[in-house]
Amino acid sequence: MTALHVGMERRVDFLTALRDNPPHDIQRLYWLARVTLVDRLEAIPVFDAVFASFFLGAPPQPAPAEEGESEAPEPQGEHEAAPMVMSEGTGKSASIHELRHRRAYGGAPDDLAELRRALDRHLPKIRSRRRRPDRRGQHLDLRRTLRHATRTGEITTLARRGRPLRTRPLLVLIDVSGSLREHTPDYLRFAWAARCEAFTFGTRLTRVTRQLRQRDVARALAEVSAVVEDADGGTRIGPALHEFVSTPRYADRARGALVIVLSDGLERGDPAQMAAAVHRLARLSHRLLWWSPLALHPEYEPVTRGMAAILGDIELAGARDIQTLMERVREL
Numbered sequence: 001m002t003a004l005h006v007g008m009e010r011r012v013d014f015l016t017a018l019r020d021n022p023p024h025d026i027q028r029l030y031w032l033a034r035v036t037l038v039d040r041l042e043a044i045p046v047f048d049a050v051f052a053s054f055f056l057g058a059p060p061q062p063a064p065a066e067e068g069e070s071e072a073p074e075p076q077g078e079h080e081a082a083p084m085v086m087s088e089g090t091g092k093s094a095s096i097h098e099l100r101h102r103r104a105y106g107g108a109p110d111d112l113a114e115l116r117r118a119l120d121r122h123l124p125k126i127r128s129r130r131r132r133p134d135r136r137g138q139h140l141d142l143r144r145t146l147r148h149a150t151r152t153g154e155i156t157t158l159a160r161r162g163r164p165l166r167t168r169p170l171l172v173l174i175d176v177s178g179s180l181r182e183h184t185p186d187y188l189r190f191a192w193a194a195r196c197e198a199f200t201f202g203t204r205l206t207r208v209t210r211q212l213r214q215r216d217v218a219r220a221l222a223e224v225s226a227v228v229e230d231a232d233g234g235t236r237i238g239p240a241l242h243e244f245v246s247t248p249r250y251a252d253r254a255r256g257a258l259v260i261v262l263s264d265g266l267e268r269g270d271p272a273q274m275a276a277a278v279h280r281l282a283r284l285s286h287r288l289l290w291w292s293p294l295a296l297h298p299e300y301e302p303v304t305r306g307m308a309a310i311l312g313d314i315e316l317a318g319a320r321d322i323q324t325l326m327e328r329v330r331e332l
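Residue 308 in UniProt numbering sits at position 308 of the sequence shown, with consecutive numbering throughout.
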């Protein structure tokens with residue numbers, strides 16, 4: 001069997017995590033080891049085979065032939081441990097390490113028009129600050145009344161003005177780290193359909209509002225691919241949100257807005273910075289919604305240090321694709 005090469009830094013990460021979070025069962029031990037010891041997708045099959053052989057008594061598996069990075073990993077067989085069959089993008093492989101990487105997000109599904117209609121219908125409304133002509137408005141429009149009187153010679157109609165309803169500002173913050181690789185394209189399509197302020201974060205913060213304003217969603221996602229340099233990399237939620245709330249031109253976009261964070265919330269760093277940034281963001285915004293693919297699982301509990309620290313400031317719900325995002329929108 002091919003050896004699994006693990007650097008000293010990742011060994012220290014594993015031992016530290018083992019000390020701070022002793023696993024209660026084999027499944028938790030698997031994910032604890034995989035999150036800290038594996039840094040490449042192509043190394044996962046080797047890690048799975050080593051883990052199954054050492055802890056589950058499975059026979060050693062031959063390493064797959066090296067035919068390039070596009071070669072799919074070989075299946076592990078019937079002795080594979082249950083946790084190993086979980087798909088990518090569940091958030092279990094969150095990493096703090098930075099990886100400069102761009103990716104293509106592909107085309108769009110057919111239901112974005114329905115999603116846009118749902119957004120227009122269910123996003124919260126507020127009264128506009130500017131007054132507009134309104135037949136039943138509460139304020140008298142003297143200028144229009146007098147202008148009409150000069151044409152007719154007398155006042156026959158009292159023109160009025162009112163404050164019409166408008167959609168409350170929407171801000172979407174999208175986690176593009178490797179733990180959410182499977183869900184990132186739909187999250188970006190959601191932001192495109194919402195026509196809102198949008199930022200991505202993994203190991204850095206990137207504003208993608210201008211790129212998502214393209215009329216065609218495929219072209220919009222292509223432009224996002226060109227500017228987001230931390231796609232499928234590590235996770236630094238705390239520093240990214242701290243940069244957002246501490247940059248005035250960014251923080252102003254959250255004032256009074258409906259803020260939606262699309263992230264699994266698996267922070268590998270110090271949760272104190274994440275908690276402080278989320279608390280500040282919650283105070284700036286009208287509502288702070290945190291939609292995570294992990295929250296769709298009926299047994300999910302936000303017990304990680306980062307999520308536990310911010311539960312009092314967020315409204316947690318589950319969303320992983322266009323369909324579940326639409327369901328969350330209809331519940332607003």
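The beta carbon of each residue, even a glycine, is placed where N, CA and C say it ideally should be.
This structure is a prediction, so every number in the text was calculated from the model and none was measured.
query                                                                                                                    : result
Close beta carbons around residue 205, own chain, < 7 Å, minus the five adjacent residues each side                      : 199, 240, 243 and 244
Residue 198 - DSSP class collapsed to helix/strand/coil                                                                  : strand
Segment limits, alpha helix (DSSP H) that includes residue 309                                                           : 305-310
Residue 183 (DSSP reduced to helix, strand or coil)                                                                      : coil
Exposure label - residue 190; buried when at least 16 CB within 10 Å                                                     : buried
Meets three-Cβ-pair contact criterion under 8 Å: the stretch 164-173 and the stretch 224-235                             : no
CB of residue 318 within 8 Å of CB of residue 267, strictly                                                              : no
Inter-residue CB distance, residue 183 and residue 330 (contact presumed, cutoff 8 Å)                                    : Between residue 330 and residue 183 the Cβ distance is about 19 Å, and since that is not below 8 Å, they are no contact.
Continuous alpha helix (DSSP H) stretch holding residue 46: start and end                                                : 44-55
Pick from 14, 163, 119 and 149 that is closest to residue 196, judged by C-alpha positions                               : 119
Close beta carbons around residue 282, own chain, < 6 Å, minus the five adjacent residues each side                      : 288 and 313
Straight-line Cα distance separating residue 133 from residue 149                                                        : 17 Å
Inter-residue Cα distance where the pair is residue 291 and residue 322                                                  : 12 Å
Nonlocal neighbours in the same chain, by C-beta distance under 6 Å from residue 255, ignoring five residues either side : 284
Contact set for residue 275: own chain, Cβ-Cβ below 7 Å, skip 5 residues either direction                                : 309 and 310
Continuous alpha helix (DSSP H) stretch holding residue 322: start and end                                               : 322-330
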